[in-house]
Amino acid sequence: AQKVTQAQTEISVVEKEDVTLDCVYETRDTTYYLFWYKQPPSGELVFLIRRNSFDEQNEISGRYSWNFQKSTSSFNFTITASQVVDSAVYFCALGQAGTALIFGKGTTLSVSS
Amino acid sequence: GAVVSQHPSRVICKSGTSVKIECRSLDFQATTMFWYRQFPKQSLMLMATSNEGSKATYEQGVEKDKFLINHASLTLSTLTVTSAHPEDSSFYICSAMAGGLNYGYTFGSGTRLTVV
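Chains H and P, in that order, are what the protein sequence lines are.
Per my numbering: the first sequence = residues 5 to 117.
Per my numbering: the second sequence = residues 20 to 135.
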């Protein structure tokens, strides 16, 4: 069975702090995709990144970076120098071509000024 | 990029009435759409998978007679909540696959349903 675990329910940081959101996944498939989404209070899902199972390169996009490690089935997300606008719920998700995404329970990030 | 338009964004209805939510893929053909439900402070839970021209596949525990899904064209899927009750109040969001080499999902902006 496929499963996504986000063990951190809530995280609170002060602006400019770095924060890492953890994601651990379970799947028996060799080909799969991992995603991170941001959900602000308005509710819409904002796509952040997609990574396929054959690409273990870490990625950096501005203040965001992702660490994909198949050996530990983890796909962690780090925000560097956090800002108040980063406050949101962040979801990690797992999927395969043709199937629905399975979401973790989400991590609520609160960044205070 | 691929865009999914979802309407309405917010709806309040009386208990016992039905509500229809539409999701349209604007610039691509979506043979498959997924419908999710999200209760406050919870994750997105898959309700059903909708395939164009065929019956939807519902997840365990989701009443197919209560949540009617129609996917009559490659660009439109609808979810109708029939005889809505307060416990159906939730955030409903659709997702379409934009396939090919740029495999990925596009989500609608969601519908917040409140049943009073």
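Glycine is no exception: its CB is placed at the ideal position from the N, C-alpha and C atoms.
Nothing here was measured: the structure is a model prediction, and the numbers come from that model.
Can you tell me where the beta strand (DSSP E) holding residue i begins and where it ends?
{"i": "GLU60/H", "result": "First-last for GLU60/H: undefined, no H or E at that position."}
{"i": "GLY99/H", "result": "92 to 99"}
{"i": "LYS39/P", "result": "38 to 44"}
{"i": "VAL28/H", "result": "28 to 30"}
{"i": "GLY123/P", "result": "123 to 126"}
{"i": "VAL23/P", "result": "23 to 26"}
{"i": "ARG131/P", "result": "130 to 134"}
{"i": "ARG29/P", "result": "29 to 32"}
In terms of alpha-carbon separation, which member of the options lies closest to residue i?
{"i": "LEU98/P", "options": "GLN79/P, SER73/P and ALA67/P", "result": "ALA67/P"}
{"i": "LEU87/P", "options": "SER102/P, LEU45/P and VAL22/P", "result": "SER102/P"}
{"i": "ARG131/P", "options": "LYS74/P, MET116/P, LYS39/P and ALA115/P", "result": "LYS39/P"}
{"i": "VAL88/H", "options": "PHE58/H, SER46/H and GLU21/H", "result": "GLU21/H"}
{"i": "THR34/H", "options": "ASP59/H, GLU48/H, PRO44/H and THR24/H", "result": "ASP59/H"}
{"i": "VAL28/H", "options": "PRO44/H, GLN10/H, TYR41/H and GLU14/H", "result": "GLN10/H"}
{"i": "ARG67/H", "options": "SER116/H, GLU19/H and GLN6/H", "result": "GLU19/H"}
{"i": "THR13/H", "options": "GLY108/H, VAL115/H, SER117/H and SER116/H", "result": "GLY108/H"}
{"i": "LYS83/P", "options": "LEU93/P, ALA91/P and SER69/P", "result": "SER69/P"}
{"i": "TYR36/H", "options": "PHE81/H, VAL8/H, SER65/H and THR112/H", "result": "VAL8/H"}
{"i": "SER46/H", "options": "TYR124/P, ILE112/P, VAL22/P and GLU106/P", "result": "ILE112/P"}
{"i": "CYS96/H", "options": "SER116/H, ARG55/H and ALA5/H", "result": "ARG55/H"}
{"i": "PHE53/P", "options": "VAL135/P, TYR77/P and PRO105/P", "result": "TYR77/P"}
{"i": "VAL135/P", "options": "ALA49/P, GLY129/P, GLU106/P and SER62/P", "result": "GLU106/P"}
{"i": "SER109/P", "options": "MET116/P, VAL100/P and ALA115/P", "result": "VAL100/P"}
{"i": "PHE39/H", "options": "GLY123/P, GLY127/P and THR133/P", "result": "GLY123/P"}
{"i": "SER114/P", "options": "LYS60/P, CYS42/P and LEU93/P", "result": "CYS42/P"}
{"i": "GLY129/P", "options": "GLY80/P, GLU71/P and PHE58/P", "result": "PHE58/P"}
{"i": "PHE47/P", "options": "SER73/P, GLN61/P, GLY80/P and VAL22/P", "result": "VAL22/P"}
{"i": "PHE126/P", "options": "THR133/P, GLN61/P and SER96/P", "result": "SER96/P"}
{"i": "ARG32/H", "options": "PHE51/H, PRO44/H, GLU48/H and GLN6/H", "result": "GLN6/H"}
Look up residue i in the DSSP assignment and give the residues it is bridged to.
{"i": "GLU14/H", "result": "THR112/H"}
{"i": "PHE79/H", "result": "PHE72/H"}
{"i": "ALA115/P", "result": "MET52/P and THR125/P"}
{"i": "THR24/H", "result": "THR82/H"}
{"i": "SER65/H", "result": "TYR68/H"}
Taking Cβ-Cβ distances shorter than 8 Å, what residues in chain B pair up with residue i?
{"i": "LYS109/H", "result": "Looking for chain B here will not work: the only protein chains present are H and P."}
Can you give me, in chain order, the residues of the stretch 104 to 115 of chain P that have a beta carbon less than 8 Å from any beta carbon in chain H?
PHE110, ILE112 and SER114
Residues in the stretch 78 to 106 of chain H having any Cβ partner in chain P nearer than 9 Å:
VAL93, PHE95, ALA97, GLY99, ALA101, GLY102, THR103, ALA104, LEU105 and ILE106
4 or more residues per run - each alpha helix (DSSP H) lying fully within the stretch 62 to 111 of chain P | none
- request: Output, in sequence order along the chain, the residues in the stretch 28 to 49 of chain H whose CB is closer than 9 Å to any CB in chain P.
  value: TYR37, PHE39, TYR41, GLN43, SER46, GLY47, GLU48 and LEU49
*asked:* Closer than 7 Å between beta carbons: that is the criterion. Which residues of the stretch 49 to 75 of chain H meet it against chain P?
replied: LEU49 and ARG54
Please name the residues in the stretch 65 to 76 of chain P whose beta-carbon is closer than 8 Å to at least one beta-carbon of chain H, in chain order.
LEU65 and THR68
Q.
Tell me which residues of the stretch 13 to 28 of chain H have at least one Cβ-Cβ distance to chain P shorter than 7 Å, keeping chain order.
A. none
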